[in-house]
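Asker: I'd like to ask you about the structure that follows.
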Amino acid sequence: MFGKLDLSAIPLSQPIPLVTSAVVILFALGVVAMVTIKGWWPYIWHEWITSVDHKRIGIMYCLLGGLMLIRGFADAIMMRTQQAVAINAEGYLPPEHYNQIFSAHGTIMILFGAMPLVLGFMNFLVPLQLGVRDVAFPTFNSVGFWLTASGALLVNVSLFIGEFARTGWLPYPPLSEATYSPGVGVDYYLWAVQISGVGTLITGINIVTTVLKMRCPGMSYLRMPVFTWTSLASCLLIVAAFPILTATLAMLTLDRYVGWHYFTNTAGGNPMMFVNLIWAWGHPEVYILVLPCFGIFSEIFSTFSGKPLFGYRSMVAATLFICVVSMLVWLHHFFTMGAGPGVNTFFGISSSVIAVGTGVKIYNWIFTMYGGRVRLAVPMLWSMGFIFTFIIGGLTGVLLAIPPADFITHNSMFLVAHFHNVIVGGVVFGVFAGMEFWFPKAFGFRLHEGWGKAAFWFALIGFWVTFAPLYILGLNGMTRRLQHINFEEWTPWLYVSLAGVIILILGVISQIVQLVVSILEREKLRDVTGDPWDGRSLEWATPSPSPFFNFAVMPNVEGEEAYWGIKLRAIETQQLAPEPEYAPIEMPLHTPVGIYTAFFSAIFGFAMIWSIWWLAIVSIVAAFIGFVVFAWRDVHEFKVPAEELAKAERARRAAREALLHRLSSHGAAI
Amino acid sequence: MIERCISERVAMKGCSITAALCFILSSCAGVLAPVGPVGEGNAEILINATMIMLAIVLPTIVLAFWMAWRYRASNTSVEYLPYWSFSGRIEAVVWSIPILTIMFIGGLIWIGSYKLDPFRPLDSERPQIEVQVVALDWKWLFIYPEQGVATVNQLVVPVGTPVHFRITSASVFNVFWVPRLGSMIYAMPGMVSELHLQANSATDIWGTSAQFSGDGFSDMQFKVRSLSDSDFAAWIDSARAAAPKLDQAAYAKLAQQSQRHPPSAFGLADPYIFDAIATQRVPPGPGPQAETSEHAGREHPSAGKE
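Shown next, in the form of structure tokens:
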């Protein structure tokens, strides 16, 4: 009836997962109780859960990513403390638990932390920057988000029911085959990643279509903001690479469930094929994450320098260059498998060549500041921290791309330090920079400056204190994924690294305090103009927060930096553009099909993990029925009357009038 | 003036970085203190490439911070160029710098990949000896087919003699790595990878697995001793005389999961056992044994503990 599942799946003998799950469940119940008592359910259901508004979905993506970052960070704290106490000792985490923690840390941070955050930014910003009202497929978008959330849910359920993979974040066979990993851990990984991977692919298709088909009048490709360009590049990579992931994991699933032999040790299976395929997805994946962050930094450098981005066209070229070449470098993850010098040379050079694109970008950001008026606000601090951290990470990355140097650093802590150097320095710093920058656009008030600065400095210093020692440990021969350490001479460096984690904890606390303080002081921090940073792209033309229809009248773009042009014209002529004529518009209806499908997909995943076959069939049929019913709907849009648009637009114009006067009075600079 | 200022700062920073690097290098007992020609080659490339890139990277970092500082909003004494966003000359330079650097590094990659190819025999007047390596759960088996000896978790090599390793795995992936000897390479089931290493002096060091292989992974280290020719011959004789034979039964027991296997030696019953393992005529390690499972869907937590 319940497959492999029975009560013994709950880890009653292991206090850490048990207590953690209990706290999480109690917290969740508390939130549900509060929402119920306050009567917020209708609002949350109608305005958020069933919403197909790209901005709402973007914000929910970021919320999910933020929560998962905290979960992954908790894993990180446990790993660093375990390694600091388990020197010639067993520590407090036995291997079967520790191995789950580092596997979960990697999986969660990349696929359920960084990925939703980046997708969230793309969702929120791309339609606004293109001057359109939504993405190409709004309901599809909602399905994509909820599928990602389902995957995240399954990973977290594994904490309480059963176990997670003990194989590392990429489950290399034969270790991940049924022979060597008979438990449900790898199955949790497979179904969670599979379901969320479909969600990601949906979002990728959606953004690509939006950029290619839905730009506002005048928004030619070479007038698009760089963030939109990098989002396009990133989503092209999603569309190219995620099907590889899906196929690879499907093959491993067939190996495990029905005894096929794609990657097994015996009967002609070839585990190296898995390694090739998974990295053919895995390497583009890191560029999927970092390219949009390059876009975020581009927007910030230009806005806070009060200048257009230097070398816009070469920025676009460099982005597309990285996009293409990133599909040709996957083998550098396993030079040490002995592919032969010719192959290693090819992939070594192709990997280093990516540094050309990145190098050009860095110089362009630097020259964007030349001749500017650089305001060192919090987003700019993150960006400067990024430049410093990412350059060093790039340097160690090129070292790892040199096969003979990789032969003594592969899989060592040097590698661990390197990829944190680029992912934390690039993606996490980028996401925090972007959060400070666009928070007012999403919620109508700015974030507290002081706590933001504190968070930045703790994060920057904490990062370096944590990871610099890992470079040294790697050069000393320490490999990754050690549950305990047999070399006493590594102790000092492991302690320094632990101290770094403590500084990082302070950073995380500052970030949370910043959010709380900002919410409490939101009236003081309110952005009434819609343009708090003197912005340059179209999202700043809308009020903060943007209305659900984004633009009452489609903007007409007449050059690069669309909003900057509008603003300059207004200052020159000392008046806003004449009031347009308002026509009613149609917006997509909200629909619960996204959460409905995702709910049954999560049940399906859970049933497959525990071999509850009847439930798997029921839930997959139920999920499919959701699509069918949705496809037969008659009414899918509602009309927004012209009066409502006129009212909103007049309020916006009033705010802009005030802004215009303010800019003109001390706008001599322009 | 500006250029001189930058270059002075770079020089200062360069010095302190070099000093810091020297300190780290000297305190290093790992890959930057190699005891053989392969490790020396690896380390040399690592350090050379680092220096080449630092020459570009350090000025760039300094330039970034100098730019942010000089053009800070409160500094109204410098010109403000709100429309300046293109310069063909600067573009040419910012594309050339990374391209030239990477061309240089690319040359390093090309030459280094061939020179330090793990499959390439080392240049030496002395004939190489062959050592066959089998990664097991969770221990290393070293087979000396010419000498008729096998060892577990200890690798003994003669000083100054190139060693030809043939490496496979009888369970999951592992990576054979002796940090102070140099290059590492994967040990993979059903496949044989090759590696050539050499120790230049008599020393006691260690090796490990660099690829996570399951619960016993953290203890997959092995002792590495390099002995003079006479000591090596004596060690071979004593190992052959004293040790039990590595036959099918003894191997089957080794293939079971176990941790912290003490270093030990065997005589060799079958000189072709490595090929039998690599081609899987001897079946691969069985993995965790079906014991009474304590938890549904969980793997037995103490699998293979001794």
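For the record, the sequence lines run as chains H and C.
Heads up, our numbering is the position in the first sequence plus 8, with the first residue counted as 1.
Heads up, our numbering is the position in the second sequence plus 867, with the first residue counted as 1.
Built from N, CA and C at the ideal position, the CB exists for glycine as well.
In whole angstroms, what is the alpha-carbon distance linking residue 429(H) and residue 614(H)?
Answerer: For residue 429(H) and residue 614(H), the distance between alpha carbons rounds to 35 angstroms.
Asker: Quick check on DSSP: helix, strand or coil for residue 1135(C)?
Answerer: If DSSP states are grouped into helix, strand and coil, residue 1135(C) belongs with the strands.
Asker: If we call anything under 7 angstroms between Cβ atoms a contact, is residue 339(H) one with residue 537(H)?
Answerer: Result no, Cβ atoms of residue 339(H) and residue 537(H) do not sit closer than 7 angstroms.
Asker: What's the C-alpha gap between residue 1026(C) and residue 983(C)?
Answerer: Approximately 20 angstroms, taken between the alpha carbons.
Asker: Enumerated in chain order, which unbroken segments of the alpha helix (DSSP H) with a length of 4 residues or greater are wholly contained in the segment 896-981 of chain C?
Answerer: Listed in chain order, they are 904-937.
Asker: Does any C-beta atom of chain C lie closer than 7 angstroms to the C-beta of residue 131(H)?
Answerer: Judged by the 7 angstroms Cβ criterion, residue 131(H) is not in contact with chain C.
Asker: Are the C-beta of residue 947(C) and some C-beta of chain H separated by less than 7 angstroms?
Answerer: With 7 angstroms as the cut-off, residue 947(C) counts as an interface residue toward chain H.
Asker: With a cut-off of 7 angstroms, does the C-beta of residue 893(C) fall near any C-beta of chain H?
Answerer: For residue 893(C), the pLDDT reaches just 49, beneath the cut-off of 50, and the residue's location in the model is therefore unreliable, although a value from the coordinates is still provided. No, residue 893(C) does not count as interfacial toward chain H.
Asker: Does the segment 230-241 of chain H come close enough to the segment 301-312 of chain H that 3 or more CB-CB pairs lie under 8 angstroms?
Answerer: Yes: the two stretches touch, three or more of their Cβ pairs being nearer than 8 angstroms.
Asker: Looking only at its own chain, which residues have a Cβ that is under 8 angstroms from the Cβ of residue 1112(C), when we skip the five neighbours before and after it?
Answerer: Here the set comprises 1133, 1134, 1135 and 1136.
Asker: Look at the Cβ atom of residue 522(H), then the Cβ atom of residue 618(H), and state whether they are nearer than 7 angstroms.
Answerer: Taking 7 angstroms as the Cβ cut-off, residue 522(H) and residue 618(H) do not qualify as a contacting pair.
Asker: Taking buried to mean at least 16 other C-beta atoms within 10 Å of its own C-beta, is residue 31(H) buried or exposed?
Answerer: It counts as exposed.
Asker: Quick check for students: name the residue ranges of the alpha helix (DSSP H) that lie wholly in the segment 319-364 of chain H, counting only runs of 4 or more.
Answerer: Within the segment 319-364 of chain H, the complete alpha helix (DSSP H) runs of at least 4 residues are 320-333.
Asker: At a Cβ threshold of 7 angstroms, is residue 918(C) touching chain H?
Answerer: So, not an interface residue.
Asker: Cβ of residue 130(H) within 7 angstroms of Cβ of residue 213(H)?
Answerer: Not a contact, by the Cβ cut-off of 7 angstroms.
Asker: Can you tell which of 562(H), 193(H), 164(H) and 390(H) has its C-alpha closest to the C-alpha of residue 261(H)?
Answerer: If we check each option's Cα against that of residue 261(H), 193(H) comes out closest.
Asker: Please report the distance separating the alpha-carbon of residue 1078(C) from that of residue 1041(C).
Answerer: For residue 1078(C) and residue 1041(C), the distance between alpha carbons rounds to 5 angstroms.
Asker: Which residues in the same chain as residue 145(H) place their Cβ atom closer than 6 angstroms to its Cβ, once the five residues preceding and following it in sequence are excluded?
Answerer: Once the five neighbours on either side are set aside, the close Cβ partners of residue 145(H) are 214.
Asker: Can you say whether residue 411(H) is buried or exposed, counting buried as having 16 or more other CB atoms within 10 angstroms of its CB?
Answerer: Its Cβ being crowded by 16 or more others within 10 Å, residue 411(H) is buried.
Asker: Which whole-angstrom value is the C-beta distance of residue 159(H) and residue 120(H), which I expect to be below 8 angstroms?
Answerer: So it is a contact: roughly 7 angstroms between Cβ atoms.
Asker: Alpha carbon to alpha carbon, what distance is there between residue 1100(C) and residue 1072(C)?
Answerer: Each residue's alpha carbon lies about 20 angstroms from the other.
Asker: Between which two residues does the beta strand (DSSP E) carrying residue 532(H) extend?
Answerer: Per DSSP, residue 532(H) belongs to no beta strand (DSSP E) and is neither H nor E.
Asker: Between residue 484(H) and chain C, is there a C-beta pair that is closer than 7 angstroms?
Answerer: At least one chain C Cβ lies under 7 angstroms of residue 484(H).
Asker: Tell me whether residue 259(H) is buried or exposed, calling it buried when 16 or more other Cβ atoms sit within 10 Å of its Cβ.
Answerer: Buried is the call here.
Asker: Using a C-beta to C-beta distance shorter than 7 angstroms, which residues of chain C count as neighbours of residue 382(H)?
Answerer: Result: 935, 938, 939 and 940.
Asker: I'd like to check one pair, residue 594(H) with residue 645(H): are the Cβ atoms closer than 7 angstroms?
Answerer: Taking 7 angstroms as the Cβ cut-off, residue 645(H) and residue 594(H) qualify as a contacting pair.
Asker: Quick check on DSSP: helix, strand or coil for residue 381(H)?
Answerer: Three-state result, residue 381(H): coil.
Asker: Go through the segment 1037-1075 of chain C residue by residue and report every complete run of the beta strand (DSSP E) that reaches 3 residues or more, in order.
Answerer: Counting whole runs of 3 or more residues, the segment 1037-1075 of chain C contains the beta strand (DSSP E) stretches 1041-1044, 1052-1054 and 1060-1064.
Asker: Can you tell me where the alpha helix (DSSP H) with residue 580(H) in it begins and where it stops?
Answerer: Per DSSP, residue 580(H) belongs to the alpha helix (DSSP H) from 570-581.
Asker: Along the chain, where does the alpha helix (DSSP H) that runs through residue 1011(C) open and close?
Answerer: Unbroken run through residue 1011(C) is the beta strand (DSSP E), 1006-1011; no alpha helix (DSSP H).
Asker: Cα separation between residue 248(H) and residue 117(H)?
Answerer: Using only the alpha carbons, I get a separation of about 22 angstroms.
Asker: Look at the alpha carbon of residue 423(H) and the alpha carbon of residue 1054(C), and state the distance between them as a whole number of angstroms.
Answerer: Their Cα atoms are separated by approximately 19 angstroms.
Asker: Does the Cβ of residue 551(H) have 16 or more other Cβ atoms within 10 Å, making it buried, or fewer, making it exposed?
Answerer: Buried, by the Cβ-count rule.
Asker: How should residue 665(H) be labelled, buried or exposed, when 16 other C-beta atoms within 10 angstroms of its C-beta is the threshold for buried?
Answerer: Exposed.
Asker: Could you spell out the range, first to last residue, of the alpha helix (DSSP H) harbouring residue 679(H)?
Answerer: There is simply no residue 679(H) to check, as chain H begins at 9 and stops at 678 in what is shown.
Asker: I'd like the ranges of any alpha helix (DSSP H) spanning at least 4 consecutive residues and lying wholly in the segment 210-289 of chain H.
Answerer: Within the segment 210-289 of chain H, the complete alpha helix (DSSP H) runs of at least 4 residues are 234-266.
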